[in-house]
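First comes the structure, then the notes that go with it.
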Amino acid sequence: MQPQDFVEELDDLDDEDIDKLPDFLDTEQLTEVMEEADDETRQRLSEHIDDETLLEMFEDMSKDDIVDILGEMEVYRRKRLLNKMKAGDRRIIHTLLQYPDDSAGGIMTTEYIALREDRTCAEALDTIREIGPKTEVIETIYVTDEDRMKKLIGTVDLRDLLSSPRNKKLNEIMDDQVISVEPEVDQEEVAQVVSKYDLQAIPVVSSKGSILGIITVDDIIDVINEEHDEDIAHLGGTSAEEGLDTTLFESVRMRLPWLLVNLCTAFLASFAIKIFEDTIAQVVALSATMTIVSGMGGNAGSQTMSVMIRELATGEVKLSECWKALVKEVLLGAVNGAATGAVTGVAVAIIYGNPFLGVIIFLAMIGNLMVAALFGFLVPLILESLNADPALASSIFITTATDTLGFFIFLGLASAFLPLLK
0 MQPQDFVEEL DDLDDEDIDK LPDFLDTEQL TEVMEEADDE TRQRLSEHID DETLLEMFED
60 MSKDDIVDIL GEMEVYRRKR LLNKMKAGDR RIIHTLLQYP DDSAGGIMTT EYIALREDRT
120 CAEALDTIRE IGPKTEVIET IYVTDEDRMK KLIGTVDLRD LLSSPRNKKL NEIMDDQVIS
180 VEPEVDQEEV AQVVSKYDLQ AIPVVSSKGS ILGIITVDDI IDVINEEHDE DIAHLGGTSA
240 EEGLDTTLFE SVRMRLPWLL VNLCTAFLAS FAIKIFEDTI AQVVALSATM TIVSGMGGNA
300 GSQTMSVMIR ELATGEVKLS ECWKALVKEV LLGAVNGAAT GAVTGVAVAI IYGNPFLGVI
360 IFLAMIGNLM VAALFGFLVP LILESLNADP ALASSIFITT ATDTLGFFIF LGLASAFLPL
420 LK
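If you count by numbering that gives the first Met the number 0, then the sequence shown holds residues 0 to 421, one letter each, in order.
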C-alpha cells in the first residue's frame, strides 16, 4: 500500500493494534506513514513509539514535520526528546517552536539550499550533489550576499544552473525579484501569495532580509484544505476540530456558545413581531405568510455572504473600491425580490382570496431581499476590518437582520393597509 492509503486505514485500528505497528513496519516505513498522517494521527502514533525509534525517524523527516509532532506532545516528553537530539537540530527546532502554528514561521522548513552570490555554477552543482538528498527542495536555489547575515538577494532555477557555463557566477544568472514573507505572516495570507505568483516554494525572511526557511507547495495545499474546512465549519457555527468521534462534552463546548448567541438575536425578531401583535390578531393570515418573507431574506443574505467570504479569502477587499459591487448586489436583491415576491404574492392572493395581501408580500419581499443583500455584503467586510473571522459570525448577524427587518417591513406594510386586509 501507498503510505497515504495506509494512513486512512489507521482510523480503524484500536490502541492495541497501533502498539504493534513498530513490530511490523521498519523505521523507514514508519517515517513515511508519520509524514503523511494528520496531526491527530501523528499524536496517536507517537504515543505508541518509543523515544529511540522516534529520534531515528526524526533523522529522515523535515524539520517542520518534526515541529508539528513535538508541538502536540506533552511538555515533559518534548523536552526529553529535544535533549537527546543533536545540538544543531535542537537549536533549529527550538526556533521553529517559537512561531505560532498558523504562521509562516510555524509551517516553514529549514531544509533548503542557499549559496553565496560569488559561487560559480560548478561549485553550486557540487554543493547540490552533496547536500541535495537532505533538502526538501532543490529546484530553486536561494542566493545570499557575501556577508554573514545570509541576506536573500535572488533565486536561481535548477534548469538555468544546469544550462549555464561552469565558471559563471550565481549573481550573473539569478533572478533578483524575490517574493518572500516574514515569519509572523498568517498562513492563509502565505497561501494567497503562493497562489498568486504560482510558486513551488516561498522563502521566509527576517525583518532584515535574512533567509530563515522556506514553505513548500505541499504545505500550502495542507493550509488551503485546513482553511477551507475551518470556513465551512464556521459557516455552520461549529469548529473544524469537531468530528463524529468528538466527545459529548467537547461538542457541547464548541456548539452551545453560538446557539446562545443565536438565541439572543432571535429575541430581536420576536420583539419585532410583538410590536405588531394587534395587527396579526386582526389578520390571522399574516402569521402564516410572514415567515416566507424572513426565510427568503435569510437565503438571499447567505448567497451574498458566501460571495463576499470567498472574495475576502482570495484577497483584500475594501468598501471604497467595491461600492459599485454593493450597488449591484442591492439591485440584484430588488430584482430577485420582485420575481419571488410576484410568485408568492399571486399564490397568497389566490389562497386567502385577498389581492392586497399579495401586494403587501410582494413589496415586503423586495424590501427584505434588498436588506439581505446590504447586510450580506457589509457584515463580512466589517468583521474582517475588526480582525474577526467573517465566516464565523456573519450568518448570525445576517439572519438577525433579515428576520427582524423582514418582519418589521412586512408587518409595517400590513398595519398601514390594515383596512384593506379585513
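Glycine included, every Cβ here is placed at the ideal spot set by N, Cα and C.
Pick from the options that is closest to residue i, judged by C-alpha positions
i      : options                        : result
Asp144 : Trp322, Ile65, Lys207          : Lys207
Val203 : Asp197, Gln191, Ile178         : Ile178
Arg77  : Leu331, Asp50, Ile220          : Asp50
Ala103 : Ala413, Leu211, Ala363         : Leu211
Val378 : Ser286, Met60, Met289, Gln302  : Gln302
Val283 : Tyr111, Ala413, Ala265, Phe5   : Ala413
Met369 : Ala387, Asp277, Thr339, Glu171 : Thr339
Leu157 : Leu419, Ala190, Gln199         : Gln199
Ala280 : Pro182, Leu410, Asn166         : Leu410
Glu138 : Ala36, Val74, Arg90, Ile213    : Ile213
Gly344 : Asp10, Gly153, Leu325, Ile365  : Ile365
Ser319 : Ala337, Phe376, Tyr111         : Phe376
Glu110 : Asp63, Leu419, Asn82           : Asp63
Ser393 : Tyr351, Leu311, Ile359         : Leu311
Thr108 : Leu258, Phe407, Gly357, Asp217 : Asp217
Classification of residue i by the beta-carbon crowding that lies within 10 angstroms, buried from 16 upward
i      : result
Phe0   : The question names Phe, but residue 0 is Met in the sequence shown. It counts as exposed.
Cys263 : exposed
Ser384 : exposed
Leu95  : buried
Gly300 : buried
Gln176 : exposed
Thr290 : exposed
Leu29  : buried
Val347 : buried
Arg41  : buried
Ala432 : The shown model of the chain, from 0 to 421, leaves out residue 432, and the question about it has no answer.
Tyr98  : buried
Three-way DSSP call (helix, strand, coil) for residue i in this model
i      : result
Pro256 : helix
Leu69  : helix
Pro21  : helix
Gly357 : helix
Leu305 : Per the sequence shown, residue 305 should be read as Ser rather than Leu. If DSSP states are grouped into helix, strand and coil, Ser305 belongs with the helices.
Leu9   : helix
Ala36  : coil
Thr245 : coil
Leu423 : Here the chain has residues from 0 to 421 only, and residue 423 is not among them.
Val204 : strand
Val184 : coil
7 angstroms Cβ cutoff met for residue i and residue j
i      : j      : result
Leu169 : Val136 : no
Pro21  : Ile48  : yes
Ala268 : Gly332 : no
Ala271 : Thr403 : yes
Val292 : Asn367 : yes
Ile172 : Ser163 : yes
Ala363 : Ile408 : yes
Every unbroken beta strand (DSSP E) inside the region 91-173 [3 residues or more]: 113-115, 139-143, 151-156
Could I get the ranges of all uninterrupted alpha helix (DSSP H) runs contained in the region 262-293, with 4 residues as the minimum, in chain order? 276-281
Fully enclosed by the region 370-414, which beta strand (DSSP E) runs are 3 residues long or longer? none
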